[in-house]
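Quick note on numbering: the working numbering labels position 66 of the sequence shown as 79, and the sequence is numbered without any gaps.
Taking it in order: structure first as structure tokens, then the write-up.
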Amino acid sequence: MVISSKGDYAYYSAYGDGYLRKLDLQTDEVVDKIKIGIQPRSVCITNNNKYLFVVNYQNGTVDAVDLTDFKIIGEYDADTGAVGVALSPDNKYLWVTNQSTGSVIVYKVNYR
């Protein structure tokens, strides 16, 4: 789970059903959801609250989500077993940890 820097929304993935949800922290209600990869795990958000990345454990991908439209705009290959995700402070690099291989993959992020 990650909370926007404004503190208005929380975003969380559900490992069992494969959805990413947007929770309004004022009303405690889910206001949006999208189907993402298989067995989603960790999420991280950019400093400007425009993009979110979610790791999908089973299919070994990272989905890039545009939070303005709440739609998937890209996907990175990360190998089966990907579990953790973090952005560099300048939001230029994305790190993904892999439980199966014990490795860390670094991606240069290209925003639209």
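We put the beta carbon where it would ideally sit given N, CA and C, even for glycine.
Inter-residue CB distance, residue i and residue j (contact presumed, cutoff 8 Å)
i, j, result
"S113", "V67", "Rounded, the Cβ-Cβ distance is 18 Å, inconsistent with contact."
Coil, strand or helix - residue i by DSSP
i, result
"V122", "coil"
"I86", "strand"
"T9", "The shown model of the chain, from 14 to 125, leaves out residue 9, and the question about it has no answer."
"D76", "strand"
"P102", "coil"
"G97", "strand"
"N61", "coil"
"D45", "strand"
"Y70", "coil"
"A23", "strand"
"L38", "coil"
Beta-carbon spacing of residue i, residue j below 8 Å
i, j, result
"V78", "L36", "no"
"V15", "I49", "no"
"I85", "N72", "no"
"N111", "D92", "yes"
Sequence-distant residues of its chain with Cβ nearer than 7 Å to residue i (five each side left out)
i, result
"V122", "N104, K105, Y106 and L107"
"G161", "Here the chain covers residues 14 to 125 and nothing more, so residue 161 does not appear."
"R54", "S26, Y28, V68, Y70 and V96"
Contact set for residue i: own chain, Cβ-Cβ below 6 Å, skip 5 residues either direction
i, result
"E88", "T74 and D76"
"V44", "K35 and D37"
Exposed unless 16 or more other CB atoms sit within 10 angstroms - verdict on residue i
i, result
"P102", "exposed"
"V117", "exposed"
"N61", "exposed"
Close beta carbons around residue i, own chain, < 8 Å, minus the five adjacent residues each side
i, result
"V56", "M14, V15, Y24, Y25, S26, L33, L65, F66, V67, V68 and V98"
Closer than 7 Å: residue i CB and nearest the ligand GDP heavy atom
i, result
"V43", "The model depicted lacks the ligand GDP and carries no ligand whatsoever."
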